[in-house]
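Structure first, then comments.
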Amino acid sequence: MRTRRFQNFPPQPRQAGFSLIELMVGVVLALIAVIVIMQVFQQAEAGKRTTTGTSSAAMDGALAATDLQRDLRQAGAGIINSALLGCSLTLLNGKTLDNLAPVVINSGVVPAGDAGSDTLLIVYGNFNGSPDGDKISAQAGSTLTVAAPSAYAAGDYVVPTPQTRSSPCGLQLYTATSITGAAPSGALLLNAAPTNSPVAIYDLGQLPHIVAYAVRNGRLTQCDFVQSDCTQTANYLEIYDGVVNLRAVYGHNTSTPPTYDQATPTAAATWEQISILRIALTLRSGQLEKTAVTGNCAAPLVCKAAPTWSQAAVAPINVTGLTSWQNYRYFVFEAAVQLRNVANLSS
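If you count the sequence shown from 1, position 239 lands on 238 in numbering that gives the first Met the number 0, and the numbers rise without skipping.
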């Protein structure tokens, strides 16, 4: 009888790797990790955009407010005189300022800006003569005999005034073409002959500043009446982006503290009582948020109050007419600017 021998085979090695279940678990965990990473990245980018937009608006607002304050501090130089204040002034281009003053809120010659926003017309000269004007002793057509000819230069803008202020008061802007002679009797030749029998003349220098500011299409714009026809909105230059509102009020020095309003004076004596101008520039961040961040919000959202300022009772800031206004952040730059030339007159 034969004995059957059995051969022992070595055991088969176990297959290395992952089972299908393990692979699926790994995929799920990876997807969760990707989702978390993307959410963190999205939030970080949203925060970055918000911060960038906020910083840009804050910088533009600070610069715009600084520029306005610089102009306002010089407002009135060369025109703070009862013979000039409140008069109309016809410019060389034929356009007429209806109320000559250091600064006029919502002047009739400045086209309105965006709804709910004010306009400003700021006037000052850069002259070398006396702010009280120069005496005219004789006139021969366009040649005037003046007491201080050395105070003028060819190209200066000048305003001759009559002995008695007319009612209504209307004046004309001229340019000096040549100057001859010396004090106390020199000849000042103008580009045209004044027709109002002038006895005094006021020098505004070669670069008078007659500039209008207005908010148009969410931008602060500027136009110089000496260089352009500023009655046309197409001639306004955009100088700062993101400005959605400009408000201003006059400060009267007839009481302590001053009283504020937007009533534009017409009499010279009333203009001499306005020594402060309060302004508020409202800037809007360029970042459109996905949810409301401004105004009244429904829970659980927490929103910042709508923009306002200290003179809201007189000139409120209203941005509710802007598209998706609640989904933007706003910054208000407020300043009380002393009109130094008026204040010096009062003192």
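Each residue gets a CB set at the ideal place from its N, CA and C atoms; glycine is no exception.
When the Cα atoms are used, Ala150 and Gly128 turn out to be separated by approximately 5 Å. Annotation note: the region 170-228 contains no uninterrupted alpha helix (DSSP H) run of length 4 or greater.
Here Asp131 carries a coil assignment [DSSP, helix/strand/coil].
With contact defined as three or more Cβ pairs closer than 8 Å, the region 271-290 and the region 329-339 are in contact. With a cut-off of 8 Å on Cβ pairs, the region 193-210 is in contact with the region 150-159, counting three or more such pairs.
Per DSSP, reduced to three states, the secondary structure at Asn326 is helical.
One alpha carbon belongs to Ser141, the other to Leu189, and they sit about 5 Å apart.
Ser106 and Thr230 have their C-alpha atoms roughly 11 Å apart. Put simply, of Ala312, Leu219, Ala111, Val102 the residue whose alpha carbon is nearest the alpha carbon of Tyr249 is Val102. When DSSP states are grouped into helix, strand and coil, Leu90 belongs to the coil group. Bounds of the alpha helix (DSSP H) holding Ala267 are 267-270. Sorting Val301, Thr265, Asn343 by C-alpha distance to the C-alpha of Leu84 places Thr265 at the top. Distance from the CA of Gly241 to the CA of Gly217, rounded to the nearest whole angstrom, comes to 6 Å. Excluding sequence positions up to five before and after Val331, its CB lies within less than 6 Å of the CB of Ala279, Thr281, Pro306, Trp308, all in the same chain and listed in chain order. Ranking Ser81, Asp155, Trp324, Leu30 by CA distance to the CA of Arg164 puts Ser81 first. Runs of the alpha helix (DSSP H) lying entirely within the region 68-127 and spanning at least 4 residues: none are present.
Nearest neighbour of Ile316 by Cα position, chosen from Ser323, Val341, Asn244, turns out to be Asn244. When DSSP states are grouped into helix, strand and coil, Ile275 belongs to the strand group.
Rounded to whole angstroms, the gap between the alpha carbons of Gly294 and Asp260 is 26 Å. The three-state secondary structure of Gly250, taken from DSSP, is strand.
When rounded, the separation of the alpha-carbon atoms in Ser227 and Thr220 is 14 Å. Residue range 236-240 is occupied by the beta strand (DSSP E) that includes Ile238. Leaving aside the five residues that flank Val109 on each side, the residues in its chain whose CB is nearer than 6 Å to its CB run, in chain order, Thr118, Leu120, Ala211.
Per DSSP, Asp155 is not a residue of any beta strand (DSSP E), being assigned neither H nor E. Ala175 and Arg328 have their C-alpha atoms roughly 51 Å apart. A straight-line Cα-Cα distance of about 35 Å links Ile209 and Gln286.
By the criterion of a C-beta distance shorter than 7 Å, Ile34 is surrounded by no residue of its chain, once the five residues flanking it on both sides are discounted. Taking the Cα of Ala76 as reference, the smallest distance to any Cα among Ile104, Arg246, Leu206 is reached at Leu206. Straight through space, the alpha carbons of Lys289 and Asn340 are spaced by roughly 48 Å. Judged by DSSP in its simplified three-state form, Leu300 adopts coil rather than helix or strand. Here Tyr123 really is in contact with Gln73; their C-beta atoms are around 5 Å apart, less than 8 Å. Taking the C-beta atoms as reference points, Ile78 is found nearer than 8 Å to Leu99.
When the five nearest sequence neighbours on each side are left out, no beta carbon in the same chain lies closer than 7 Å to the beta carbon of Met58.
About 6 Å separates the Cβ atoms of Val145 and Gly185, confirming a contact at the 8 Å cut-off. Each residue's CA atom was taken as its position, placing His251 and Gln272 some 6 Å apart. Taking C-beta separations shorter than 8 Å and ignoring five residues to either side along the sequence, the partners of Ala182 in its chain run Ala146, Ala147, Pro148, Ser149, following chain order.
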